[in-house]
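If you want this note's numbering, it's the position in the sequence shown, counting the first as 1, plus 115. Note that the Cβ used here is the ideal one computed from N, Cα and C, for glycine as well. Since the structure comes first, as structure tokens, the remarks are kept for the end.
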Amino acid sequence: MKSIMLCALLCLILTSSRAQDNETVQEKNVKVGQDKDTWQKLSTAEFGKLLSDTTILLIDVRTPDEYKSGHIPGAKNIDVKNWNFDQEIGKLDSCRPVAVYCRSGMRSTMAAVKLTQKGFKVFELEKGINSWTGEKEK
Numbered sequence: 116m117k118s119i120m121l122c123a124l125l126c127l128i129l130t131s132s133r134a135q136d137n138e139t140v141q142e143k144n145v146k147v148g149q150d151k152d153t154w155q156k157l158s159t160a161e162f163g164k165l166l167s168d169t170t171i172l173l174i175d176v177r178t179p180d181e182y183k184s185g186h187i188p189g190a191k192n193i194d195v196k197n198w199n200f201d202q203e204i205g206k207l208d209s210c211r212p213v214a215v216y217c218r219s220g221m222r223s224t225m226a227a228v229k230l231t232q233k234g235f236k237v238f239e240l241e242k243g244i245n246s247w248t249g250e251k252e253k
């Protein structure tokens, strides 16, 4: 009976510890996302104004097919879900700020996390290209 109780207690402690570790990782990601010095979500209007800065690297993190269907002029396509995304962003100049977007904002957030971890200052188009009212090219 003692061994069963001890086993149950050990399982409870391990499960609790794992949950705390997961919360810590999520909290760190939220803190990075809220740090205005490294990552900002911008409205369509703010994002459009930002693109007039020629030092900005504009990255479309959607699939190549989505990119071909229409993208913001000057955007480079680096698919965040591709196996070589980290390698591709490693080739970029981390001294230049990066503007990222996807279709609706989910994948660009994934990309923004990875880019900030690599030392980039990131500007993300809130709600993705679905909210974009500016020019698109194919």
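Check whether the Cβ atoms of Leu173 and Ala160 lie closer than 8 Å to each other. Their beta carbons are not under 8 Å apart, which means Leu173 does not touch Ala160 by this criterion.
Per DSSP, which residues does Lys191 bridge with? Please list them. Ile174
Check: Leu207 C-beta below 7 Å from any heavy atom of the ligand ATP: Among the components modelled here there is no ligand, and therefore nothing to report on the ligand ATP.
Would you check if the distance between the CB atom of Ile193 and the CB atom of Lys233 is smaller than 8 Å? no
By how many angstroms is the C-alpha of Glu250 removed from the C-alpha of Gly185? So the two alpha carbons sit approximately 10 Å from each other.
Could you check where the alpha helix (DSSP H) with Met252 kicks off and where it finishes? Looking at the sequence itself, residue 252 is Glu, so the reference to Met does not match. Here Glu252 belongs to no alpha helix (DSSP H), and DSSP marks it neither H nor E.
Quick one: residues in its chain with C-beta nearer than 6 Å to the C-beta of Leu240, no 5 flanking neighbours on either side, listed in chain order? Phe162 and Tyr216
Where does the unbroken beta strand (DSSP E) through Leu240 begin, and where does it stop? Val237 to Leu240
Who does Trp154 pair with in a DSSP beta bridge? Val237
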